[in-house]
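Reading through the structure tokens given below for one structure.
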Amino acid sequence: MKWPSLGAIASVAYKEFLHIYRDRRVLLLLIVLPPLFTLMFGHAFENTELTDVPALLIDRDQTPRTAHFVEIISKDKTFHWRMPAPDFRGESDLIGNGVKATLVIPVGWTDSLNKGDPKPLPLYLDDSDTNTASAVEGAVQKNLGTFQSKERDLLVESLPEEVIELGKKLPIDIRKQFVSLMTAWSAESKNLYNPKSRFIDYVVPGVIGLILQLLTVTLMACTIARERESGTLYQLLVTSLQRGEIVIGKMLPYLVVSICLVVVIMALCWWHFEVAFYQPHALALICLLFLLCSLGLGLLISTFSRTQTQAIQFSVFFLLPVFVLSGAFAPLEQLPKAIQYISELFPLTHFCRAFRLVNMYHAGFSFYVVDLVVLLAGALITFIGAAFLLKRIEQ
Amino acid sequence: MSEPVIVLDHLSKSFGNVHAVQNLSLTIAPGTIFGFLGANGAGKTTTIRMLCGLTHPTGGNATIAGTDVWKDRQHVRTKFGYVPQRFSLYRDLTVLENFRFFGGAYGVPGAELERRIKRLLRLSDLEEKVNAAAGSLSGGMRQLLAIGCALVHDPPLLFFDEPTAGLDPVHRQQIWNLLYDLSNEEKTIFVTTHYMDEVERCTEVGFIESGRLLAKASPRALKSSFRARLLEIDVEPLMPALVQLRDRPELLGVSLRSGSLRLYAQEPEKLMARWRENWPFPDLHLLGERWVEPDMEDVFTAYSQGYDGVLKKSTA
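The listed protein sequences correspond, in order, to chains A and B. Number 77 in our numbering belongs to position 77 of the first sequence; there are no gaps in the numbering. Number 516 in our numbering belongs to position 121 of the second sequence; there are no gaps in the numbering.
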């Protein structure tokens, strides 16, 4: 086996480049889609806070105290309140009212507070997405807490002098405990990674990886399948080109194109979403290995597909679980352990992890070296596999 | 005599129980235009694919210019050009880009490549189409381009699978003129075809049937190996005659040629003598009879239908 010749690789690469260049529709797709997807995904995941949830607030008690509570809760940005008349019925018909939640202040609530036997407020919730309901409930609780502490302050202020005097007679340590129980206890939190809590910073590798994964795998998957379909593959195989030269030559132009796309997407993230990038060398290495691994996968799909249609089908079957399970847009840790093992098979998983370790944690090489090794191994296995399958055609 | 370009030595290929090629042995001398004939499925394509190193022989071996076609297949590919049946160049690339790609793929150095491309463009009459996309060329020009690209590494041998299928007579003539030029330059041409007039243009012909080589000789020798004369009759009405005669057990076959029926029979003289006495077809009129020389189609039909044995001149 002799070493691959650079001239032969260059011939194949140039030919493949001409195919890309001549296919104007795909070329247009390559130029337009990545920036468009970046903007779309970026804005979609820019903010994850729940705001403006449509909700009904029915105040059937209509007292100054309920008015105070309504004033507090209507300032909360979580909700977009509508306040129908107190005699409005049908609070449990959420979709009929076009809302996600209904909060009712029942008649006699103020009285129940005064009597020392507070009635609970009925809260109707839509938990179909398993997400909104708990967020809404939390927000209502929080507002009730705010209301409660304000009411307590008012009560303390209006206490008669005798009570204060009486309180002073209590032992000092009991009094201190009492005072600290009267204020809310808190934790002083400090976000060490992603201090500004910008979700976009977390999601950027997912955006880059997803777009690149989609384009590299599908485009690459078509290259050999197309030659097989148009009959040029045999013509190519009877030349004195070695299988390795064909594989490397076919991959090179796509590698160059994808590197350009990575640069475009990162520039857009930096300029439009103000995402900062650290350790450019490390990021470049991670991107390169990820691209090689993805291109190899596409090539592997290409060598065992009979037609371009099949190649696209195989690509979609592969890409679908990747998109859902790779942790591009949500932490992998949310998934069950068994599924996490499957996720470890996808190059995108390792790309996102390594990218975040560098860009958000500013972690050292030793933290992500395993991911790099996995990506490198993936690239080697797929390229050698593709060359091997190409050899199998001559049987 | 110079060294043969192609040597097949008991070359065989089986796919499971299917024996596509069986014990094929032949040699082809340089400068030969070798016509490889056989019905569809006779084993022609499998043989060519083995010679191109695309599929491995299950028995025997073959060499091209002394190089084993399977053990040394990377190297043997520089010794031949291959023009497949289906147009297999890159349609989105121009004529020149196709030439340059294949030149580069075969490792032809730059300056030499440009010189050869210039010459091949002239030879294939494509100088005016240099910058046209290959897909926009007419059928004949595509085939000329395919030949040009197969010659860009200057191989001593050219495989040519049905070079003129679907082409009009003018372009067929043009392709053959190019092949004669190449043969004149001592290039060997291995061609498969179904056109009998093209078989006559070959300097040597091999017949393959069910994976076996049945004959290999010059067209003249092949024809003269057959019974010197074949019986041709004029009958009316023609089509009912053809249909009725086809079913006669004493006839091996019937073919329609320019309004006459050519009959293949074991002993045509005796048959005709019987028919003259007692014409067995009351609704058919025998208008005339004559004896003709067999042509290439007769030879091909005889071989592929398996009655070559009865039609061959007895050597005794």
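All C-beta atoms in this analysis are idealised placements derived from N, C-alpha and C, irrespective of residue type, glycine included. The structure presented is a predicted model; accordingly, all values stated were derived computationally and were not measured.
| request: Consult DSSP for B/Ile-512 and reduce its assignment to one of helix, strand or coil. | output: If DSSP states are grouped into helix, strand and coil, B/Ile-512 belongs with the helices.
| At what residues does the beta strand (DSSP E) containing A/Val-136 begin and finish? | No beta strand (DSSP E) contains A/Val-136, which is instead part of the alpha helix (DSSP H) from 132 to 157.
| field | Assigned exposure category for B/Thr-710 - 16 Cβ within 10 Å defines buried | value | Only weak support exists for where B/Thr-710 lies, its pLDDT of 47 falling under 50; the value from the coordinates is given anyway. Per the 10 Å Cβ criterion, exposed.
| said: For a cutoff of 8 Å on Cβ pairs, would you count B/Leu-681 as touching chain A? | reply: It does not; no Cβ of chain A falls within 8 Å.
| task | Leaving out five residues on either side along the sequence, give the residues of the same chain with a beta carbon under 6 Å from the beta carbon of A/Phe-273. | result | In its chain, beyond the 5 residues on either side, Gly-42, Ile-200 have a beta carbon closer than 6 Å to the beta carbon of A/Phe-273.
| query | Per DSSP, B/Val-600 is paired with what? | reply | According to DSSP, B/Val-600 bridges with B/Gly-430, B/Ala-612.
| task | Please decide whether B/Arg-481 counts as near chain A, where near means a Cβ-Cβ distance under 8 Å. | result | At a cut-off of 8 Å, the C-beta of B/Arg-481 has a neighbouring C-beta in chain A.
| query | So what does DSSP say about B/Gln-568, is it helix, strand or coil? | reply | For B/Gln-568, the three-state secondary structure derived from DSSP is helix.
| said: By the three-class DSSP mapping on this structure, what secondary structure does B/Glu-692 have? | reply: Per DSSP, reduced to three states, the secondary structure at B/Glu-692 is helical.
| Using the C-alpha atoms, what's the distance from A/Met-251 back to A/Val-12? | The alpha-carbon atoms of A/Val-12 and A/Met-251 are separated by roughly 9 Å.
| task | With DSSP as the reference, label B/Leu-647 as helix, strand or coil. | result | In the structure shown, B/Leu-647 sits in a strand (DSSP, three-state: E or B).
| Of all the options B/Met-667, B/Arg-671, B/Arg-652, B/Trp-674, which has the alpha carbon lying nearest to the alpha carbon of B/Asp-690? | Considering only B/Met-667, B/Arg-671, B/Arg-652, B/Trp-674, the residue with the shortest C-alpha distance to B/Asp-690 is B/Arg-652.
| task | Starting from the Cα of B/Lys-611, find the closest Cα among B/Val-694, B/Ala-506, B/Arg-481 and give me that residue. | result | It is B/Val-694.
| said: Taking CB distances under 8 Å as the criterion, tell me whether A/Tyr-234 reaches chain B. | reply: Taking Cβ atoms only, chain B reaches closer than 8 Å to A/Tyr-234, which makes this a yes.
| query | With distances taken from CA atoms, which of A/His-350, A/Leu-233, A/Gly-364 is nearest A/Tyr-278? | reply | Considering only alpha carbons, the answer is A/Gly-364.
| task | Between the Cα of A/Leu-325 and those of A/Val-316, A/Ser-343, A/Val-136, spot the shortest distance and give me the residue it belongs to. | result | If we check each option's Cα against that of A/Leu-325, A/Ser-343 comes out closest.
| task | Compute the distance between the beta-carbons of B/Met-722 and B/Lys-474, then report whether it is under 8 Å. | result | Any answer about residue 722 of chain B is impossible in this case: the structure gives chain B only from 396 up to 711.
| query | What span of residues does the beta strand (DSSP E) with B/Gln-417 cover, start to end? | reply | Annotation for B/Gln-417: the continuous beta strand (DSSP E) segment containing it runs 413 to 423.
| Residue from A/Ile-174, A/Cys-269, A/Gln-334 with nearest C-alpha to A/Phe-37 | It is A/Cys-269.
| Can a CB atom of chain A be found closer than 8 Å to the CB of B/Cys-597? | Contact with chain A is absent for B/Cys-597, since none of that chain's Cβ atoms lies less than 8 Å from the residue's Cβ.
| request: Starting from the beta carbon of A/Ser-240, find every residue of chain B whose beta carbon is closer than 8 Å, and list them in chain order. | output: Those are Gln-469, His-470, Arg-472, Thr-473, Ala-500, Tyr-501, Gly-502, His-548, listed as they occur along chain B.
| So B/Asn-493 is in the alpha helix (DSSP H); what residue range does that whole segment cover? | Start and end: 490 to 500.
| task | Could you confirm whether any beta carbon from chain A is found closer than 8 Å to the beta carbon of B/Glu-557? | result | Not closer than 8 Å to any Cβ of chain A, the Cβ of B/Glu-557 fails to qualify, so no.
| request: Indicate whether at least one CB of chain A lies closer than 8 Å to the CB of B/Phe-496. | output: So yes, B/Phe-496 belongs to the interface.
| Cβ of B/Glu-492 within 8 Å of any chain A Cβ | True, the Cβ-Cβ gap to chain A drops below 8 Å.
| field | Sufficient close CB pairs (3 or more, under 8 Å) joining the segment 371 to 379 of chain A to the segment 284 to 297 of chain A | value | Under the Cβ criterion (8 Å, minimum of three pairs), the segment 371 to 379 of chain A counts as touching the segment 284 to 297 of chain A.
| request: Can you grab the Cα-Cα spacing for the pair B/Glu-492 / B/Gly-498, in whole Å? | output: If you take the alpha carbons of B/Glu-492 and B/Gly-498, they lie about 10 Å apart.
| field | Residues of its chain near B/Thr-598, where Cβ-Cβ distance is below 7 Å and the 5 sequence neighbours each way are ignored | value | The answer, listed in chain order, is Thr-427, Ile-428, Ser-613.
| Would you call the segment 600 to 610 of chain B and the segment 410 to 423 of chain B touching, i.e. three or more CB-CB distances under 8 Å? | At 8 Å Cβ cutoff, the stretches touch.
| Taking the Cβ atom as the reference point for each residue, do B/Val-464 and B/Pro-558 lie within a distance shorter than 8 Å? | Taking 8 Å as the Cβ cut-off, B/Val-464 and B/Pro-558 do not qualify as a contacting pair.
| said: So if DSSP puts B/Trp-686 in a beta bridge, which residue, or which two residues, is it bridged to? | reply: Paired residue(s): B/Leu-626.
| If the cut is a Cβ gap below 8 Å, which residues of chain B does A/Leu-448 touch? | Since the first residue shown for chain A is 1 and the last is 395, residue 448 of chain A is missing from the structure and cannot be characterised.
| field | Residue-chain proximity (B/Leu-449, chain A), Cβ-Cβ < 8 Å | value | Answer yes: the Cβ-Cβ gap between B/Leu-449 and chain A drops below 8 Å somewhere.
| field | Cβ separation of A/Thr-420 and B/Tyr-501, assumed to be a contact under 8 Å, to the nearest whole Å | value | An answer regarding residue 420 of chain A cannot be provided, because it is not within the stretch 1 to 395 covered by chain A.
| CA-CA distance, B/Pro-399 and B/Pro-425? | Straight-line Cα distance between these residues: approximately 6 Å.
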